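Here's the structure, in structure tokens; my notes come after.
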Amino acid sequence: PSLLAEANRLAAFHRERYRYRVNVIQTDQIYHEFGGGMADPAAMRDFVKMYYDRLPTDRPKYLLLFGAGSFDYKNRIPNNTNLVPVYQSPNALDPLISHVSDDFFGLLDDADDVALTSPPSLLDIGIGRIPAHNIAEAKVMVDKIIRYHRANALGDWRTNLVFVADDRDGNLHLNDAESMTAISNNTNPLFQPKKIYLDAYPQVSGSSGSRYPAVNDAIVNQLFNGALYYNYTGHGSYQRLAEEAVFSQDEVRRLRNADKLPLFLTATCDFAPHDDPTKTSLGDQVLMGNENGAIALMTTTRVVFAYSNRIMNENYLRIALKPDANGVYPTLGDAVRIAKNQTYQGFGDVLNNRKFTLLGDPAMRLGFPQYQIRLTKLNGNSLTNSDTLKALERYAFEGEIVNASGQIINDFNGQLTPVVYDKAQEVKTRGNDPASPVTSFLAQTNVLFKGNSTVANGKFQFSFVVPKDISYQSGKGRISLYAQNSSIDAAGVYTDLNIGGTAAAVNPDNVGPTIRAWLNDTLFRSGGLTNNTSVLLLDLFDQSGINTSGTGIGHDMVLVIDGDEKNSIALNAFYTAAPNSYQRGFVRFPMSVLSEGKHTLRIKAWDVVNNSSEMTITCWVGKSGQLQLAKVMNFPNPFRYTTTFSFEHNRPDKDLQVQIAVYNAQGRLVKQFNQQVRSSGTRNVQIQWNGADDQGKKLGSGTYFYRIIVQDNDEQAGTTGQLILF
Numbered sequence: 118p119s120l121l122a123e124a125n126r127l128a129a130f131h132r133e134r135y136r137y138r139v140n141v142i143q144t145d146q147i148y149h150e151f152g153g154g155m156a157d158p159a160a161m162r163d164f165v166k167m168y169y170d171r172l173p174t175d176r177p178k179y180l181l182l183f184g185a186g187s188f189d190y191k192n193r194i195p196n197n198t199n200l201v202p203v204y205q206s207p208n209a210l211d212p213l214i215s216h217v218s219d220d221f222f223g224l225l226d227d228a229d230d231v232a233l234t235s236p237p238s239l240l241d242i243g244i245g246r247i248p249a250h251n252i253a254e255a256k257v258m259v260d261k262i263i264r265y266h267r268a269n270a271l272g273d274w275r276t277n278l279v280f281v282a283d284d285r286d287g288n289l290h291l292n293d294a295e296s297m298t299a300i301s302n303n304t305n306p307l308f309q310p311k312k313i314y315l316d317a318y319p320q321v322s323g324s325s326g327s328r329y330p331a332v333n334d335a336i337v338n339q340l341f342n343g344a345l346y347y348n349y350t351g352h353g354s355y356q357r358l359a360e361e362a363v364f365s366q367d368e369v370r371r372l373r374n375a376d377k378l379p380l381f382l383t384a385t386c387d388f389a390p391h392d393d394p395t396k397t398s399l400g401d402q403v404l405m406g407n408e409n410g411a412i413a414l415m416t417t418t419r420v421v422f423a424y425s426n427r428i429m430n431e432n433y434l435r436i437a438l439k440p441d442a443n444g445v446y447p448t449l450g451d452a453v454r455i456a457k458n459q460t461y462q463g464f465g466d467v468l469n470n471r472k473f474t475l476l477g478d479p480a481m482r483l484g485f486p487q488y489q490i491r492l493t494k495l496n497g498n499s500l501t502n503s504d505t506l507k508a509l510e511r512y513a514f515e516g517e518i519v520n521a522s523g524q525i526i527n528d529f530n531g532q533l534t535p536v537v538y539d540k541a542q543e544v545k546t547r548g549n550d551p552a553s554p555v556t557s558f559l560a561q562t563n564v565l566f567k568g569n570s571t572v573a574n575g576k577f578q579f580s581f582v583v584p585k586d587i588s589y590q591s592g593k594g595r596i597s598l599y600a601q602n603s604s605i606d607a608a609g610v611y612t613d614l615n616i617g618g619t620a621a622a623v624n625p626d627n628v629g630p631t632i633r634a635w636l637n638d639t640l641f642r643s644g645g646l647t648n649n650t651s652v653l654l655l656d657l658f659d660q661s662g663i664n665t666s667g668t669g670i671g672h673d674m675v676l677v678i679d680g681d682e683k684n685s686i687a688l689n690a691f692y693t694a695a696p697n698s699y700q701r702g703f704v705r706f707p708m709s710v711l712s713e714g715k716h717t718l719r720i721k722a723w724d725v726v727n728n729s730s731e732m733t734i735t736c737w738v739g740k741s742g743q744l745q746l747a748k749v750m751n752f753p754n755p756f757r758y759t760t761t762f763s764f765e766h767n768r769p770d771k772d773l774q775v776q777i778a779v780y781n782a783q784g785r786l787v788k789q790f791n792q793q794v795r796s797s798g799t800r801n802v803q804i805q806w807n808g809a810d811d812q813g814k815k816l817g818s819g820t821y822f823y824r825i826i827v828q829d830n831d832e833q834a835g836t837t838g839q840l841i842l843f
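So this is what it looks like as structure tokens:
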């Protein structure tokens with residue numbers, strides 16, 4: 118009952134968005150009618166079965182358990198949160214057999230029995246749980262679900278699938294991840310796998326053991342760019358993923374993906390033991406993160422086994438990534454129900470399957486694109502499988518937005534994001550550990566062009582110059598296509614594209630790109646105050662185009678912090694072209710935590726002809742956790758008619774309360790402003806003054822003093838200044 122308001126809000130959303138018929142039932146009502154007043158999981162199952170039996174032609178499809186459960190039904194432990202009970206296995210002491218499973222509530226046929234393993238009972242309904250412990254957590258989840266369906270959440274991130282593989286164990290986890298990527302490609306080549314395999318990165322040894330800092334950064338950065346799925350295979354626990362802690366609460370705090378929330382599919386041990394109120398698991402933190410983290414988890418609650426995990430993982434991907442004949446993808450609940458039933462029927466490890474659970478809303482769909490995109494022409498001619506893109510040649514593509522029947526959507530007007538990939542390249546692992554023998558895998562990561570073009574009446578065109586840095590062996594590239602308007606999106610892929618060779622004639626170009634740089638927003642000025650997790654913004658232009666291929670040695674677009682060349686950061690994956698231009702583009706890069714003090718940021722970029730340019734900015738990071746002000750001033754100063762107060766702070770994207778008090782030379786208060794401001798960056802220039810007092814009377818010429826106080830919740834900072842009115 119304590120979460121009823123948020124449950125009703127989510128129900129109202131589903132009625133409006135999906136046209137579902139939704140019933141919200143309080144647990145105490147169920148206990149009274151079916152459990153003799155006792156908080157019994159069987160009472161809840163019997164209640165669901167009543168609906169299932171009484172409506173044979175219109176049976177319920179989804180069950181959302183809205184609230185956390187606990188292994189302690191009798192409330193014997195402090196701070197217990199048994200809001201919506203869970204089913205616990207009778208054997209609770211053996212860590213290999215013990216399990217908590219919401220499958221119990223979905224076994225609704227008369228002969229079904231959760232204890233049966235040969236043959237096992239099958240799920241009759243899609244089940245998910247939002248393990249909120251209080252109304253605040255419930256609100257966070259409902260807010261995330263509603264926001265996930267808004268236009269702000271549209272974007273080409275919806276075609277990315279991230280696969281992370283642990284090291285060691287004879288490359289078991291890498292091989293499993295390779296199996297997953299092959300299944301995703303075979304099931305639906307629309308989606309682009311992004312592979313992050315630990316042993317392909319340098320390993321660092323320290324006092325806390327071996328670590329992969331480049332993997333930590335790669336995961337955070339990829340989630341910043343966005344992914345529909347985040348799929349992890351390997352060792353883990355409720356505190357971290359992998360022995361090297363490539364994903365932990367530190368990474369959760371770094372996430373900035375409010376409008377790009379993935380489904381976390383983790384084939385690892387007890388990532389989210391949601392029935393243990395004595396633990397705040399990593400899964401809980403990812404799911405309940407306010408404006409970051411994940412939209413849902415398909416995850417484990419107890420110790421599991423790698424081979425059995427792979428079977429479940431493979432079945433889930435085959436189901437979840439395959440649309441029906443009308444182009445409609447399964448809901449989260451349908452995907453988990455069908456995948457679990459396939460695993461139950463085709464594989465003997467029933468207990469391992471029970472330990473997988475959906476933490477999220479089973480009735481919602483992930484952000485699968487709804488329409489399709491097809492390319493039709495290259496340089497004015499129909500596409501053929503003999504078409505070849507050559508280095509330093511300019512090409513123009515045309516295409517259209519279509520429905521599942523292949524008909525053009527004539528009223529689709531919006532933006533297209535085409536991404537042209539070079540051929541897949543072989544990547545060798547490093548053999549960082551004795552149990553990680555060197556192996557290789559294919560990765561298609563080199564981007565020749567990422568554009569932004571207009572779609573008008575369902576049709577589009579885009580052009581670009583192929584960089585000099587390509588893999589010159591002939592082979593097949595890939596063009597991923599994504600389009601969106603104000604409410605709906607589309608996606609497509611073209612893989613029958615040859616890439617290789619060089620243009621016969623090349624336009625001369627000896628000038629590198631122009632580069633402009635800021636932090637957080639374009640009001641930033643070099644040397645200014647900033648926060649310790651700033652976003653680097655770049656605006657680049659070159660007449661031939663910007664090189665982001667990553668193929669040529671030393672030709673990456675890079676960021677070097679404080680002269681540390683050894684740890685330079687490649688920015689290629691964060692580049693997007695300006696609308697309808699292959700010559701201009703932008704970068705948004707979330708920097709790792711910067712230490713207190715002054716920092717120098719040097720950016721180097723190349724054009725497609727391999728001319729380079731550099732530029733440098735500096736910034737000052739204040740004391741961590743403290744609200745700080747800098748460069749407080751008004752301009753113009755002196756002034757006659759209007760002046761603007763400006764200040765720098767280290768609280769970007771926060772609502773700040775600002776008070777400015779102006780005093781005359783005798784110390785009397787003549788004007789006071791109280792205003793709430795919000796700036797995407799750290800420099801604020803929003804408050805203007807016309808030189809009048811609080812009664813609107815123009816003040817006389819002279820010197821005045823002002824005090825500015827900025828407040829962020831319970832923190833405040835202030836300083837004083839002087840101005841002249843003439």
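According to this note's numbering, the residues represented by the sequence shown are 118 to 843, in order.
For glycine and all other residues, C-beta sits at the position ideal for the given N, C-alpha and C.
Quantities reported herein were computed from a predicted structural model and do not represent experimental measurements.
Could you tell me the alpha carbon to alpha carbon distance between residue i and residue j, rounded to whole angstroms?
i, j, result
"A809", "G516", "59 Å"
"A508", "V726", "9 Å"
"N801", "V794", "8 Å"
"L414", "N498", "46 Å"
"G154", "V201", "14 Å"
"P173", "N432", "28 Å"
"F280", "G152", "44 Å"
"L358", "K178", "33 Å"
"Q578", "S503", "20 Å"
"N767", "L646", "7 Å"
"D230", "E254", "33 Å"
"A437", "L449", "8 Å"
"M167", "L476", "24 Å"
"T571", "S698", "10 Å"
What's the call for residue i, buried or exposed, on a 16-neighbour Cβ count within 10 Å?
i, result
"A317", "buried"
"M161", "buried"
"A185", "buried"
"A621", "exposed"
"P535", "buried"
"T733", "exposed"
"A600", "buried"
"A299", "exposed"
"D226", "exposed"
"V850", "The question about residue 850 has no answer, for the chain in this structure spans 118 to 843."
"R275", "buried"
"Y346", "buried"
"N574", "exposed"
"A513", "exposed"
"K814", "exposed"
"K740", "exposed"
So, with DSSP's three-state summary, where would you put residue i?
i, result
"K439", "coil"
"V420", "coil"
"Q402", "helix"
"S698", "coil"
"T647", "strand"
"G617", "strand"
"R275", "helix"
"A375", "coil"
"E254", "helix"
How many whole angstroms separate the CB atoms of residue i and residue j, which I take to be in contact at a CB cut-off of 8 Å?
i, j, result
"L378", "I412", "4 Å"
"V845", "K788", "The structure shown does not extend to residue 845, since the chain spans only 118 to 843, so no value can be given for it."
"L676", "F706", "7 Å"
"I194", "S206", "The pair is not a contact, with the Cβ atoms about 19 Å apart (cut-off 8 Å)."
(request) For the region 131-200, list the alpha helix (DSSP H) runs that are entirely contained and at least 4 residues long, ordered along the chain. (result) 144-151, 158-171
(request) Pick out the complete beta strand (DSSP E) segments inside the region 734-775, 3 residues or longer, and give them in chain order. (result) 746-752, 760-766
(message) Going residue by residue through the region 438-493, where are the continuous beta strand (DSSP E) segments of at least 3 residues, counting only ones entirely within it?
(response) 473-476
(message) For a minimum of 3 consecutive residues, which ranges assigned as the beta strand (DSSP E) are wholly contained in the region 288-371?
(response) Runs of the beta strand (DSSP E) inside the region 288-371: 309-314, 321-323, 326-328, 346-350.
(request) Run through the region 780-839 for me and flag every whole alpha helix (DSSP H) of 4 or more residues, listed as ranges in chain order. (result) Those alpha helix (DSSP H) runs which fall completely within the region 780-839 and span 4+ residues do not exist here.
(request) Counting only runs of 3+ residues fully inside the region 491-571, write out the beta strand (DSSP E) ranges in chain order. (result) 505-508, 511-519, 531-538, 542-545, 557-560, 564-567
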